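Just below is one structure, and these are the notes that go with it.
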Amino acid sequence: LVVVATMSFSLLSDDECIRILSHLEEPELDLVAEVSKTCARVARCDAVWASRAKDLCARYTFDRRDFEGNFLYLLEQDPLLPAYDGPPLRMPYLTPENSGQGDRKIDDMGLQHRCYPSAQRGRAPSERERVWVTTEFPVTCCGARHASRAALEQHCLDMCHYERMQSARGNGRLPDSWIDPRLRLGQAAFTALPKREQYLRVHLYVAKVLPEIEVMSDPENWDVLGKANLERLSRQGLAFLEELIAGANRDGFDEDLFDELVACCRADLEPTAIGEHICAAVAEGFRAAGVYSEVPNVPYFSVRDFLTSGLAGCDPDGGSSSGAQWWSGVSEIFEHHYEGELSW
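Sequential numbering from 540 applies to the sequence shown in our numbering.
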């Protein structure tokens with residue numbers, strides 16, 4: 540390939556070279572690019588990489604509307620500001636709350652932390668006096684200095700900041716390379732990159748996250764807490780099934796079909812089957828919506844939750860209206876129930 544490229548590429552127009560290179564895979568393109576300056580220029584031009592970048596980004600998308608409408612909204616409400624780490628507060632003696640629950644805010648002067656008189660440490664939080672202490676700009680966060688309110692507020696929307704602050708709160712942390720480059724850079728900055736760079740960055744992101752999902756989805760790798768949670772979900776589902784069997788109105792519903800659905804449901808409610816259902820949804824969710832969106836048919840559980848907490852962090856029936864979505868996805872008989880075909 541190298542010899543042919545050396546002898547022949549100089550005789551071809553750029554368009555002819557591009558047509559040839561469009562049939563090569565990424566490693567072969569890198570080899571061609573090493574042949575000569577002309578080969579490097581053509582092999583790395585946008586025309587060669589545009590379709591590759593587009594196809595890869597289409598295969599691994601993320602739900603921008605959900606991310607901006609829900610995730611960023613929540614981040615704006617609680618921007619995960621750093622805890623107070625300045626000198627001891629004296630005259631009067633104050634203690635920063637540092638609970639992470641509304642005890643930090645940004646104003647035009649700097650970063651504010653809510654404190655209480657140290658003498659009131661023994662009181663219930665609701666009974667303490669509260670004082671706001673300001674650390675004036677420039678303020679340090681994630682190892683960088685931020686000189687203004689605008690700069691700090693912009694930094695707080697950065698996904699690397701989000702991961703570092705979640706780690707500080709004990710909620711796990713994804714490595715920077717596991718964050719979608721379209722989110723890390725912003726859509727405008729990502730789109731401005733050369734097509735080859737777009738492809739390589741998304742390819743690296745996928746190459747980091749997808750194998751980890753696959754390893755964690757193997758039942759041989761499920762930990763004790765994850766298995767215990769699956770057993771809990773199994774018991775919950777079997778109890779629901781018994782209620783359905785005892786109380787369902789089967790008028791007009793084929794008895795043989797009902798018995799078949801019950802048998803299938805019992806199999807679907809085995810702990811391993813539930814775990815495989817969740818893991819399949821995680822893989823689908825990663826491809827369709829990225830790391831931070833809720834995975835399909837598993838309420839209150841994102842790919843990030845799976846990567847940081849495993850199956851132990853999954854509680855899909857914990858909300859007032861999540862049961863229908865969760866159980867309907869686990870087994871068909873529950874879907875019939877929620878659609879009113881087996882009403883009690």
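Note that CB positions come from ideal geometry on N, CA and C, so glycine has one too. No experiment lies behind these values; they were computed from the predicted model shown.
Assuming GLY641 and THR674 form a contact by the criterion Cβ under 8 Å, report the distance between their Cβ atoms to the nearest whole angstrom.
In fact, because the Cβ distance is near 17 Å, the residues do not count as touching under 8 Å.
If you reduce the DSSP assignment to three classes, tell me which class TYR655 lands in.
DSSP places TYR655 in strand when its eight states are reduced to three.
Give the C-beta separation of MET698 and LEU722 to the nearest angstrom, bearing in mind that I take them to be a contact with Cβ-Cβ under 8 Å.
Correct: roughly 5 Å between the Cβ atoms.
I need the boundaries of the beta strand (DSSP E) containing ALA683, first residue and last residue.
Here the beta strand (DSSP E) through ALA683 covers 683-685.
Taking the Cβ atom as the reference point for each residue, do LEU808 and GLY776 lie within a distance shorter than 8 Å?
Yes. Within cutoff.
Can you tell me whether ALA863 is helix, strand or coil according to DSSP?
If DSSP states are grouped into helix, strand and coil, ALA863 belongs with the helices.
DSSP three-state label for PRO635, please.
Of the three classes helix, strand and coil, the one that applies to PRO635 here is strand, per DSSP.
Are three or more beta carbon pairs between the region 782-797 and the region 735-754 nearer than 8 Å?
Taking 8 Å as the limit for Cβ pairs, the verdict is that the region 735-754 does not touch the region 782-797.
For ILE872, which of LEU614, PRO635, PRO733 and ASP793 has the nearest alpha-carbon?
Among LEU614, PRO635, PRO733 and ASP793, the Cα nearest to that of ILE872 belongs to ASP793.
Give every residue of the same chain whose Cβ lies closer than 8 Å to the Cβ of LEU560, excluding the five residues on either side of it in the sequence, and list them in chain order.
Only LEU568, VAL571, VAL581, ALA582 and VAL587 meet the Cβ criterion.
Are SER861 and TYR831 close, meaning C-beta to C-beta below 8 Å?
No, these two residues do not count as a Cβ contact at 8 Å.
Quick one: give me the first and last residue of the beta strand (DSSP E) that TRP671 is part of.
Unbroken beta strand (DSSP E) run through TRP671: 670-675.
Rounded to whole angstroms, what is the Cα-Cα separation between ALA707 and GLY725?
Rounded to the nearest angstrom, the two C-alpha atoms are 24 Å apart.
Give every residue of the same chain whose Cβ lies closer than 8 Å to the Cβ of TRP823, excluding the five residues on either side of it in the sequence, and list them in chain order.
The amino acid occupying residue 823 in the given sequence is Glu; Trp does not appear at that position. Closer than 8 Å at the Cβ level, and outside the excluded window around GLU823, lie VAL834 and PRO835.
Find out if the Cβ-Cβ distance for the pair LEU691, VAL678 is shorter than 8 Å.
For LEU691 and VAL678, yes; Cβs fall inside 8 Å.
If we define contact as Cβ-Cβ less than 8 Å, is LEU724 a contact residue for chain C?
Reference to chain C is not applicable here, since this structure consists of a single protein chain.
What does the Cβ neighbour count give for TYR632, buried or exposed, with the cut at 16 atoms within 10 Å?
By the 10 Å Cβ count, TYR632 comes out exposed.
Count the other CB atoms, across all protein chains shown, that sit within 10 Å of the CB of ASN760; report buried if there are 16 or more and exposed otherwise.
The residue is exposed, with fewer than 16 neighbouring Cβ atoms inside 10 Å.
Would you mind giving the Cβ-Cβ distance between GLN737 and ALA597, rounded to the nearest angstrom? I have them listed as a contact below 8 Å.
Not confirmed; about 12 Å, so no contact.
Would DSSP call GLU564 helix, strand or coil?
Coil.
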